[in-house]
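The structure appears right after this line, and notes come after that.
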Amino acid sequence: MTELLSVDQLRTSFFTRDGEVQAVRGVSFSIKEGELIGIVGESGSGKSVTAKSLLRLIPPSGQIVGGQSKLRGVDLLSLPEEKLRKVRGHQVAMIFQDPMTSLNPVLTVGAQLTEVLRRHQKLSRRHARQEAIEWLRQVGIPSPEIRIDQYPHEFSGGMRQRVMIAMALSCKPDLLVADEPTTALDVTIQAQILALLTNLCKTTGTSVLLITHDLGVVAQVCSRVIVMYGGLIMEEGTVEDIFSAPQHPYTKGLLRSIPRMREGRRERLVPIEGSPPNLLNPPSGCPFMERCPQASSECLILPPYVESKPGHRSLCWLTVARKSERQEGLQ
Amino acid sequence: MSDNSLLEGRGQARTGKTPLLEVRRLAKHFTIEKSLFGRTTKVLKAVDDVSFHIHRGETFGLVGESGCGKSTTGRSVIRLFDITSGEICYEGIDLAGMNERQLKPYRQKMQAIFQDPYSSLNPGMNVMELISEPLEIYGGYSRSNRRDRVIELLERVGLKREHADRYPHEFSGGQRQRISIARSIASGPEFVLCDEPISALDVSVQAQVVNMLEDLQQELGLTYLFIAHDLSMVRHISNRIGVMYMGKLVEVSFSEELYTHPAHPYTEALLAAIPIPDPKVLMPTDRLLQGELPSPIDAAIGCKFRSRCPYASRRCGEEEPVLKRIAPGHYAACHLHE
Chain C
1 MTELLSVDQL RTSFFTRDGE VQAVRGVSFS IKEGELIGIV GESGSGKSVT
51 AKSLLRLIPP SGQIVGGQSK LRGVDLLSLP EEKLRKVRGH QVAMIFQDPM
101 TSLNPVLTVG AQLTEVLRRH QKLSRRHARQ EAIEWLRQVG IPSPEIRIDQ
151 YPHEFSGGMR QRVMIAMALS CKPDLLVADE PTTALDVTIQ AQILALLTNL
201 CKTTGTSVLL ITHDLGVVAQ VCSRVIVMYG GLIMEEGTVE DIFSAPQHPY
251 TKGLLRSIPR MREGRRERLV PIEGSPPNLL NPPSGCPFME RCPQASSECL
301 ILPPYVESKP GHRSLCWLTV ARKSERQEGL Q
Chain L
332 MSDNSLLEGR GQARTGKTPL LEVRRLAKHF TIEKSLFGRT TKVLKAVDDV
382 SFHIHRGETF GLVGESGCGK STTGRSVIRL FDITSGEICY EGIDLAGMNE
432 RQLKPYRQKM QAIFQDPYSS LNPGMNVMEL ISEPLEIYGG YSRSNRRDRV
482 IELLERVGLK REHADRYPHE FSGGQRQRIS IARSIASGPE FVLCDEPISA
532 LDVSVQAQVV NMLEDLQQEL GLTYLFIAHD LSMVRHISNR IGVMYMGKLV
582 EVSFSEELYT HPAHPYTEAL LAAIPIPDPK VLMPTDRLLQ GELPSPIDAA
632 IGCKFRSRCP YASRRCGEEE PVLKRIAPGH YAACHLHE
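Protein chains in written order, with the working numbering: chain C, 1 to 331; chain L, 332 to 669.
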């Protein structure tokens with residue numbers, strides 16, 4: 001698989017009255033064509049800001065301070081605004097958590113869907129309408145010929161998210177950035193939406209960057225996972241790596257703190273004590289240090305990324321130590 | 332009908348005596364539309380004929396999709412509003428028809444924790460005032476005793492003495508929920524309604540709060556009605572669970588039994604939709620529920636779930652199934668189990 005997007009040392013900050021909040025502090029990763037990759041993290045981990053920075057969609061108080069985000073070799077972060085607008089919606093599409101606020105309440109669903117098609121695909125009005133109906137059908141909206149002339153408020157939350165998916169995928173983008181697309185929905189609807197999203201992206205060959213706080217969703221949908229904390233990537237690997245052989249104490253803690261579905265036993269949950277760091281004055285060392293049961297004085301300095309196996313990297317001195325032990329063992 | 336004497340429990344914390352709380356044929360209807368002359372023309376049956384009981388020291392979980400009536404049920408139980416019909420018996424005494432003065436002693440015994448610790452704490456009050464308010468209302472403490480009691484409560488929920496003079500906005504979501512918990516146990520309650528207490532919290536903090544709720548239950552002998560949409564957390568914390576669909580209780584059973592042997596097709600579909608945090612255990616996509624909730628306003632005859640049910644037959648459209656015992660302590664409202 002060839003590389004579609006490569007993000008290098010992305011840094012985004014928000015400038016508030018109290019000072020600079022460093023939301024994303026040097027994030028690098030890449031997405032291959034047709035890949036489904038997930039970013040998990042808690043609120044304030046920088047996952048959502050990372051996603052929004054890719055398309056320069058952060059609010060005015062925020063600023064991308066550094067880094068690159070190359071889509072097929074073109075850096076989106078330095079692209080002029082009008083060229084970027086062609087990329088948005090056409091090559092890279094985005095869906096958000098709350099479909100009510102991302103749909104225009106005074107336009108019909110059809111008007112919003114055809115706008116995308118006419119703008120990016122240069123379709124005629126009639127042709128665009130037919131295409132829009134077809135898309136509504138594809139995302140599972142019953143009687144799309146009638147629904148197309150209705151307004152967003154006439155749709156339920158799940159249906160609105162389906163409309164958003166139709167709109168996002170109608171231009172067959174290379175990359176779909178989905179920011180907590182199912183968080184506001186019930187589990188039964190979430191399951192439908194996730195199944196729909198993955199099936200459609202597989203048929204269109206669209207890569208997906210899924211932002212979520214739900215480890216279950218990542219395990220079910222993605223092939224690769226990035227774990228973020230305190231504006232940094234703590235660990236990255238395949239879902240199998242992350243769920244069966246987590247390396248970072250934060251990932252391990254996160255997995256332990258969710259109830260396991262094991263029969264007949266009510267085990268006590270193992271929480272991560274404390275709360276996430278303040279990014280107004282982020283620690284210069286490991287951001288997880290304060291809450292980490294295995295922290296030592298070494299952690300005052302940020303460790304380098306070390307691969308415990310190809311494609312599975314983590315940001316922890318323990319991984320560094322384990323790696324050098326292994327290498328010594330080999331010699 | 333769901334004869335409540337049948338809904339007996341077993342296992343831990345059962346004394347064989349009357350349950351702490353017994354809800355019989357609870358209904359709560361909201362008027363949506365009135366005619367010109369004030370006659371109700373459209374009614375939303377948020378809770379419709381729901382019966383269950385909770386034993387002392389037990390945690391009873393209520394699950395279901397948004398709009399199924401689980402929160403309305405919880406709020407009816409602690410009498411946050413007047414109910415349409417039914418009985419809410421607390422230690423055998425019916426609270427349903429009581430006025431506010433008659434309810435006061437029960438308000439002390441029945442407390443609540445809500446989902447959003449941002450809006451459930453008055454931003455203009457500091458922690459000391461927030462937690463001492465129930466102590467003032469229910470009495471029994473002198474001014475200086477109150478301060479000691481607040482500090483004791485703060486330390487009990489893992490906060491510090493110096494937090495007492497701070498305001499809610501100075502705390503994180505998890506800490507705010509701790510303040511809510513301290514406030515709810517201040518009056519020395521026996522029963523606590525936990526209405527989505529962890530939904531707004533971060534994953535790593537949820538476990539802290541759940542563990543604390545479990546510890547407090549052990550220590551103070553509390554009884555919980557735990558409402559949440561996170562099915563795996565509800566399974567973890569509850570002894571028994573009730574599943575609601577469109578205002579009706581469709582299944583009641585012990586946690587393990589419910590999750591391993593769901594009897595109602597809705598429960599089965601709900602469980603199949605939980606994304607399991609293990610890439611090796613894939614979701615059974617063939618059992619996913621199709622369609623969405625029908626409008627709760629148009630009251631249909633027959634089983635409310637039939638529009639989404641893969642097993643629906645003609646009978647389901649003609650006759651509404653009632654909650655029936657299908658195994659010891661296990662009840663389901665479905666024609667399949669007859």
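Where is the CB? At the ideal position from N, CA and C, for every residue including glycine. If you're wondering where the values come from, they're calculated on a predicted model, not measured in any experiment.
Could you confirm whether any beta carbon from chain C is found closer than 8 Å to the beta carbon of residue i?
i      : result
L:P608 : yes
L:V536 : yes
L:G423 : no
L:I510 : no
L:A594 : no
L:H560 : yes
L:I605 : yes
L:M577 : no
L:L620 : yes
L:L337 : Because L:L337 sits at a pLDDT of 40, beneath the cut-off of 50, its placement in the model cannot be relied upon, and the following sentence gives the value as read from the coordinates. Taking Cβ atoms only, chain C never reaches closer than 8 Å to L:L337, which makes this a no.
L:A658 : no
L:A377 : no
L:L485 : no
Beta carbon of residue i, beta carbon of residue j: below 8 Å?
i      : j      : result
C:H338 : C:C171 : Residue 338 of chain C lies beyond the stretch modelled for chain C, which goes from 1 to 331, so this question has no answer here.
C:V24  : C:S69  : no
L:I558 : L:E527 : yes
C:T182 : L:L601 : no
L:V565 : L:Y597 : no
C:V320 : C:P293 : no
C:Q138 : C:A93  : no
L:L556 : L:F391 : yes
L:Q539 : L:G504 : no
So with CB distances below 7 Å, who are the chain L contacts of residue i?
i      : result
C:E115 : Within 7 Å Cβ-Cβ: nothing; C:E115 doesn't reach chain L, min ~26 Å.
C:E42  : D533, V534, S535
C:E134 : Neighbours of C:E134 on chain L: none; closest Cβ ~20 Å, over 7 Å.
C:V217 : P606
Should residue i be flagged as near chain L, meaning a C-beta pair shorter than 8 Å?
i      : result
C:G329 : no
C:L254 : yes
C:R17  : no
C:H213 : yes
C:I272 : yes
C:G237 : no
C:E240 : yes
C:Q380 : A query on residue 380 of chain C cannot be resolved here, the shown segment of chain C reaching from 1 to 331 and no further.
C:Q220 : yes
C:F243 : yes
C:Q247 : no
C:Q192 : yes
Since residue i meets chain C, which of its residues come closer than 7 Å, beta carbon to beta carbon?
i      : result
L:T396 : Position check: residue 396 of chain L holds Glu in this sequence, whereas Thr was assumed. In chain order: D186, T188.
L:V541 : L269
L:T616 : A195
L:A600 : T188
Show which residues of chain C have a CB atom less than 8 Å away from the CB atom of residue i.
i      : result
L:E623 : S156, G158, M159, I189
Give the single residue among the options whose Cα lies nearest to the Cα of residue i.
i      : options                        : result
L:T554 : L:D413, L:L452, L:A358, L:Y421 : L:Y421
C:L255 : C:H213, C:A111, C:Q97          : C:H213
C:C133 : C:S124, C:G110, C:E298         : The question names Cys, yet the displayed sequence has Ile at residue 133 of chain C. Cα-wise, what sits closest to C:I133 is C:G110.
C:R72  : C:R224, C:L269, C:T2           : C:T2
C:T114 : C:R129, C:V106, C:T101, C:P105 : C:R129
L:S366 : L:K359, L:H360, L:V374         : L:V374
C:C316 : C:G62, C:L232, C:V239          : C:L232
C:F96  : C:D241, C:L269, C:A178         : C:A178
Determine the chain B residues that contact residue i at a beta-carbon separation under 9 Å, and present them in chain order.
i      : result
L:A513 : The displayed structure is made up of protein chains C and L, and chain B is not among them.
DSSP beta-bridge partners for residue i?
i      : result
L:G579 : Looking at the sequence itself, residue 579 of chain L is Lys, so the reference to Gly does not match. For L:K579, which the question treats as bridged, DSSP gives the partners L:Y576.
C:M94  : C:V177
C:G253 : DSSP output for C:G253 lists no bridge partner at all.
C:K32  : C:E3
C:K334 : Since the first residue of chain C shown is 1 and the last is 331, residue 334 of chain C is not available in this structure.
L:M441 : L:F522
L:F391 : L:L556, L:R571
L:L357 : L:V381
Against residue i, what residues of chain L qualify as contacts under a CB-to-CB distance less than 8 Å, listed in chain order?
i     : result
C:A23 : Here the premise fails: no neighbours, minimum Cβ distance about 16 Å.
What does residue i touch in chain L if you count any residue whose Cβ is under 9 Å from its own?
i      : result
C:V139 : Result: empty, since nearest Cβ-Cβ is about 13 Å, beyond 9 Å.
So residue i contacts chain C; which residues on that side make the cut at Cβ distance below 9 Å?
i      : result
L:S503 : S275, P276
L:S563 : G216, I258, P259, R260, M261
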